[in-house]
Amino acid sequence: MVGTNEVIVIPKIAEVDKTPKAIVAKLPPHGIKNFGNTCYMNSVLQVIRTISELKEAISKNVLEVNTTNEESTEIIIIKTISELFKALDQRSETYENAMLKLIATIETKYPEYAGSIEKGGRPQQDANEFFMRFVSIFKSYLNYQPNQYV
């Protein structure tokens, strides 16, 4: 307490775990490179990654059964996000491959996110609109029950 003569005892740490896994766990989240006007996408992915329940559902690939033999584009998007998150968690530079696959899949499914060299590259997009698109995909394809993993 301020103004008193109480002695504050600071606990001593006997041993610090300095394994690579322990060090990585204390590092700030790995950022995502901008691949030409993809900052809106990067920010949405980083926000989604901080929602532990959603991240867990994505990482476990808790997807509803697809009735066709082909995977839908939305399921490919979710699986690619899972790959991306795993690579980011491991602080691996291989995350770029998953990110490029995700960008290509999104641009194929949703042409409004695609750009062209003739038009100066990818157009800038609204992060909230992109977030709402992802929420729609997740709501349709993730078979997640609240408190299922608690």
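For the record, in the sequence shown the residue sitting at position 17 is 17 according to full-length UniProt numbering, with numbers rising by one throughout. The C-beta atom is built at its ideal place from N, Cα and C for all residues, glycine as well.
Cβ-Cβ separation between A87 and A104: approximately 16 Å, too far for a contact (criterion under 8 Å).
Within the UniProt domain "USP" (30 to 150), no complete beta strand (DSSP E) segment of 3 residues or longer occurs.
In this structure, the straight-line span from the alpha carbon of T38 to that of E6 is close to 54 Å. With fewer than 16 other beta carbons inside 10 angstroms of its own, T108 counts as exposed. Distances from the alpha-carbon of G36 to those of I76, E112, P123 and V135 put P123 closest. Taking T80 as reference, the option from S59, E112, Y110 and Y40 with the minimal CA-CA separation is S59.
Its Cα nearest to that of K139, the residue I78 stands out among I78, Y113 and K101. Distance from the CA atom of Y113 to the CA atom of I10, rounded to whole angstroms, is 54 Å. Cβ atoms of L102 and Y95 stay farther apart than 8 Å, at about 10 Å.
In this structure, the alpha-carbon of E74 lies about 19 Å from that of Q46.
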